[in-house]
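In order, the protein sequences belong to chains A and B. Numbering-wise, the first sequence is residues 575 to 690 according to our numbering. Numbering-wise, the second sequence is residues 1080 to 1194 according to our numbering. Virtual Cβ for every residue (Gly too), placed ideally from N, Cα, C.
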Amino acid sequence: DSGVTQTPKHLITATGQRVTLRCSPRSGDLSVYWYQQSLDQGLQFLIQYYNGEERAKGNILERFSAQQFPDLHSELNLSSLELGDSALYFCASSPKATGLGYNEQFFGPGTRLTVL
Amino acid sequence: QQQVKQSPQSLIVQKGGISIINCAYENTAFDYFPWYQQFPGKGPALLIAIRPDVSEKKEGRFTISFNKSAKQFSLHIMDSQPGDSATYFCAASMNWGAGSYQLTFGKGTKLSVIP
């Protein structure tokens, strides 16, 4: 158990709908990362938040948005859903950067999104 | 453009054998190379990682070999066990500054260790 929690575990919805995925980082971790995992694209970095502020953006569609709240939990909002958005969505968290190098990212169990 | 290429896509190894997974990267700005292990229904978990100024790192049965000039690195699993059956991802990290480290993953290798 990494200490990162994600809800819901599974989500089934229809095309055109909007969903919200929730992530609670490990206690004390300030950074939250969102990833999309699909069979053909693998694990793709979407976006990072650090202490409430957006820090880095990857391959995130304009239909997707995220935020990190004062209690450090994060939400990923997916709108105008398409069949191709069906995937596993992972959240990861990492502690405050020490400046000494890479910060390990601890992954949650993921949310499986199915768009019908 | 895929910045980290991983092979093979799948691998079947007999118990006690050596599993070898290879990765190649393109961007010389990458400065940290972790390997993640993922079991079905779980999130990826860090297995072992290496910096580019080191040519080899060993932790138990797991070894990373790193060739900076060739921009290649590999994971060796010695004495492979059925419990090692999982999907393995190589990754490369880039420091964006101010506490941001973006991970770029390879597409994964599904390892099956048969008794």
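Less than 8 angstroms between the CB atoms is what I'm expecting for Thr-1183(B) and Ala-1170(B), so what's the real figure, rounded?
6 angstroms
Per DSSP, which residues does Leu-1090(B) bridge with? Please list them.
Leu-1190(B)
Output the boundary residues of the beta strand (DSSP E) element that contains His-647(A).
Run containing His-647(A): none; DSSP gives neither H nor E here.
Inter-residue spacing [alpha-carbon to alpha-carbon] between Lys-1084(B) and Thr-1188(B):
11 angstroms
I need the DSSP call for Ser-658(A), collapsed to helix, strand or coil.
In the sequence as displayed, the identity of residue 658(A) is Gly instead of Ser. Gly-658(A) falls in the helix class under three-state DSSP.
Near Pro-1123(B), which residues of its chain fall below 8 angstroms by C-beta distance, leaving aside the five closest residues on each side in sequence?
Tyr-1115, Gln-1116, Gln-1117, Phe-1168
Helix, strand or coil, according to DSSP, for Pro-669(A) in the structure here?
coil
For Gly-626(A), the three-state DSSP class (helix, strand or coil):
coil
Short CB-CB distance (under 8 angstroms) between Tyr-623(A) and chain B:
no
Within this structure, are the beta carbons of Cys-597(A) and Ser-660(A) separated by less than 8 angstroms?
no
At a Cβ threshold of 8 angstroms, is Ala-1124(B) touching chain A?
yes
Supposed close pair Leu-662(A), Gln-611(A) - CB separation, criterion 8 angstroms:
4 angstroms
If you follow the beta strand (DSSP E) that Ile-1099(B) is part of, which residue opens it and which one closes it?
1098-1104
Exposed or buried, Val-1133(B), counting other C-beta atoms within 10 Å across all chains shown (16 or more means buried)?
exposed
How far does the beta strand (DSSP E) with Thr-1183(B) in it extend, from its first residue to its last?
1179-1184
Counted within 10 angstroms of its Cβ, other Cβ atoms place Trp-608(A) as buried (16 or more) or exposed:
buried
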